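See structure below.
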Amino acid sequence: MKRHLLEAADLDRADATLVLDTAAQIDQALAGREVKKLPTLRGRTVVNLFYEDSTRTRISFELAAKRLSADVLNFSAKGSSVSKGESLKDTALTLEAMGSDAIVVRHPASGAPHRLANWVRGSVVNAGDGTHEHPTQALLDAYTIRQRLGRLEGVRVAVVGDVLHSRVARSNVRLLHTLGAEVTLVAPPTLLPVGVGSWPAEVSYDLDAVLPKSDVVMMLRVQAERMNASFFPSAREYSRRYGLDARRMAALGDDAIVMHPGPMNRGMEIAAEVADSARSTIVEQVGNGVSVRMAVLYLLLGGAPS
Amino acid sequence: MASTTEPAHDGAPSPSAVLSAADVARVVDRMAHQIIEKCAGADVVLVGIPTRGAPLARRLAGRVEAFSGSPVDVGTVDITLYRDDLRMRGVRALEDTVLPEAGIDGRLVVLVDDVLYSGRSVRAALDALRDVGRPRAVQLAVLVDRGHRELPIRADYVGKNLPTSRSQQVKVHLAETDGADEVLVIEEGSR
Chain A
1 MKRHLLEAAD
11 LDRADATLVL
21 DTAAQIDQAL
31 AGREVKKLPT
41 LRGRTVVNLF
51 YEDSTRTRIS
61 FELAAKRLSA
71 DVLNFSAKGS
81 SVSKGESLKD
91 TALTLEAMGS
101 DAIVVRHPAS
111 GAPHRLANWV
121 RGSVVNAGDG
131 THEHPTQALL
141 DAYTIRQRLG
151 RLEGVRVAVV
161 GDVLHSRVAR
171 SNVRLLHTLG
181 AEVTLVAPPT
191 LLPVGVGSWP
201 AEVSYDLDAV
211 LPKSDVVMML
221 RVQAERMNAS
231 FFPSAREYSR
241 RYGLDARRMA
251 ALGDDAIVMH
261 PGPMNRGMEI
271 AAEVADSARS
281 TIVEQVGNGV
291 SVRMAVLYLL
301 LGGAPS
Chain B
1 MASTTEPAHD
11 GAPSPSAVLS
21 AADVARVVDR
31 MAHQIIEKCA
41 GADVVLVGIP
51 TRGAPLARRL
61 AGRVEAFSGS
71 PVDVGTVDIT
81 LYRDDLRMRG
91 VRALEDTVLP
101 EAGIDGRLVV
111 LVDDVLYSGR
121 SVRAALDALR
131 DVGRPRAVQL
141 AVLVDRGHRE
151 LPIRADYVGK
161 NLPTSRSQQV
171 KVHLAETDGA
181 DEVLVIEEGS
191 R
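Here you go:
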């Protein structure tokens, strides 16, 4: 393992498999226990540095660090010196001077965690940077697929929706490819990034053609806050062509699963009856997120400080 | 867990085998008899410490059942996340933790490991057990006790006492993990 986890490409197949196996062992060790706490990171300090709003990722990282007995500091840009104009670098150096061993960072600017990694001595974990990457989300998605289907090699995954703005899609394409899955991106042409042809994935504009051939359908959130131009004519038209409703779900194979990284726009990219169906792994994904992040923190911080 | 996962035969100049496969089988049988005798009437769970404590616990459970006629529960508890030397020795892959359905609350847990050395693995296992439940009592069974304790810990069942110097290495090989049963003492530097 490298010292930082900045993007899915930081993990080769052996590392990624180690993270998933470690998460599975942690799950197994904690299953049915009253005391869901391990002493592994006692005395270590993890800072959650969040420059963007987040519910599940921040809470998930906080819980993961606490279950490993690390001390956790939560920092959000709102209500801090950032509103007085303090730079990312100065904030990070301040946190490190207070003794942080790892910084979990979410930032609206793509690449911010990479910059941060050059300034601090501890580990940096990317918890989502702009439209770039969100590697722990990809890890928990891979973990969920493996848990449900029992394998990743050769699994056919359709990633559907706003690929252009999605760091989840970027990380998933890279990681799933590393782990041997076959990814197909499905989106209107306006919501695919320039250069998507060089990604290790197929591209399709037709959801109905892809669904019967998919073992996993990963719906992406339509990111209204990043929609600074007209990418599609109307929400209704988008929903009709790229939304997953009960009729489309019926076209899936018997064992196929439906995933969504959350937060969902029910009725937009995913119908409520699909989100609440037995195929949906959305709630499992949240639970698995804690185990996978525990595995990442253990593997990055458990050993000797470099 | 003083033994490591290195291959059984690495071309070392004839490491002296102190226990052969037949010896190991005899020792396991004796320990099973001792467990039956000492734990008569108790609700026993054998809990192995991976790597080699786990198959050893299963074997002991099999022998206890064969001799006493009644089955005993068996499990494993991985102690990696409880070790106090992670910072010195670095992280490593975790192993299985599997406990019986009935748990360990109020039962007599017999921890099983291959080699008892510093006692630190046992301490970590005791910490892990405390988080899992509250056993009525905990006992310790080891195939080899090689001395050099760093903590106030002793075993209740010892397969073989093996006085060693710190420069030596004791390796337990089991059929399940290494292809054959034997216990070796290797001089440092002969590897």
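Top to bottom, those sequences are chains A and B. Residue numbers are given in our numbering: position 161 of the first sequence equals residue 161, and the series is strictly consecutive. Residue numbers are given in our numbering: position 182 of the second sequence equals residue 182, and the series is strictly consecutive. Cβ coordinates follow ideal geometry from the N, Cα and C atoms, glycine included. Fair warning: this is a prediction, and the values are worked out from it, not measured in the lab.
Can you pull the DSSP bridge partners for residue i?
i              : result
residue 280(A) : 258(A)
residue 186(A) : 160(A), 204(A)
residue 182(B) : 173(B)
residue 98(A)  : Residue 98(A) pairs with nothing; no bridge assigned.
residue 76(B)  : 48(B), 98(B)
residue 168(B) : 187(B)
residue 172(A) : Residue 172(A) is not bridged to any residue.
residue 266(A) : 270(A)
residue 45(A)  : 71(A)
residue 145(B) : 116(B), 161(B)
residue 139(B) : 110(B)
residue 5(A)   : 125(A)
residue 133(A) : 129(A)
residue 76(A)  : 50(A)
residue 244(A) : 270(A)
Quick one: which chain A residues come within Cβ less than 7 Å of residue i?
i              : result
residue 132(B) : 33
Is there a Cβ of chain A sitting closer than 8 Å to that of residue i, yes or no?
i              : result
residue 51(B)  : no
residue 191(B) : Confidence at residue 191(B) is low in this model, with a pLDDT of 49, below 50, so the placement of that residue should be treated as unreliable; the coordinate-derived value is given next. Closer than 8 Å: no.
residue 78(B)  : yes
residue 155(B) : no
residue 122(B) : no
When the Cα of residue i is compared with those of the options, which residue comes out closest?
i              : options                        : result
residue 142(B) : 132(B), 155(B), 150(B), 148(B) : 155(B)
residue 56(B)  : 76(B), 122(B), 87(B)           : 76(B)
residue 118(B) : 144(B), 128(B), 132(B)         : 144(B)
residue 131(B) : 279(A), 244(A), 34(A)          : 34(A)
residue 278(A) : 44(A), 261(A), 256(A), 289(A)  : 256(A)
residue 38(B)  : 137(B), 150(B), 174(B)         : 137(B)
residue 190(A) : 164(A), 222(A), 62(A)          : 164(A)
residue 152(A) : 128(A), 183(A), 42(A)          : 183(A)
residue 51(A)  : 40(A), 82(A), 200(A), 73(A)    : 82(A)
residue 144(A) : 60(A), 283(A), 231(A), 75(A)   : 283(A)
residue 111(B) : 177(B), 93(B), 128(B)          : 128(B)
residue 70(A)  : 81(B), 50(B), 72(B)            : 81(B)
residue 160(A) : 129(A), 150(A), 245(A), 180(A) : 245(A)
residue 3(A)   : 101(A), 168(A), 157(A)         : 101(A)
Please tell me whether residue i has its Cβ less than 8 Å away from any Cβ of chain B.
i              : result
residue 22(A)  : yes
residue 26(A)  : yes
residue 11(A)  : no
residue 14(A)  : no
residue 5(A)   : no
residue 65(A)  : no
residue 18(A)  : yes
residue 245(A) : no
residue 181(A) : no
residue 2(A)   : no
residue 29(A)  : yes
residue 292(A) : no
residue 288(A) : no
Please list, in chain order, the chain B residues whose beta carbon lies closer than 9 Å to that of residue i.
i              : result
residue 38(A)  : 81, 82, 128, 131
residue 49(A)  : Chain B residues near residue 49(A): none, gap ~23 Å exceeds 9 Å.
residue 102(A) : Result: empty, since nearest Cβ-Cβ is about 14 Å, beyond 9 Å.
residue 209(A) : Chain B residues near residue 209(A): none, gap ~41 Å exceeds 9 Å.
Could you list which residues in chain B have their beta carbon closer than 8 Å to that of residue i, in chain order?
i              : result
residue 298(A) : 81, 91
residue 303(A) : 86, 87, 89, 90, 91
residue 127(A) : Going along chain B, no residue has its Cβ under 8 Å from residue 127(A), so there is no contact; the nearest lies around 21 Å.
- [ ] With 8 Å as the limit, tell me which residues of the stretch 265-277 of chain A have their beta carbon closer than that to any beta carbon of chain B; keep them in chain order.
- [x] none
Task: Interface positions of the stretch 87-100 of chain B facing chain A (Cβ-Cβ less than 9 Å), listed along the chain - done: 87, 88, 89, 90, 91, 92, 93, 94, 95, 96, 97, 98, 99
Task: Where the stretch 223-244 of chain A meets chain B: residues whose CB sits under 9 Å from a CB there - done: none
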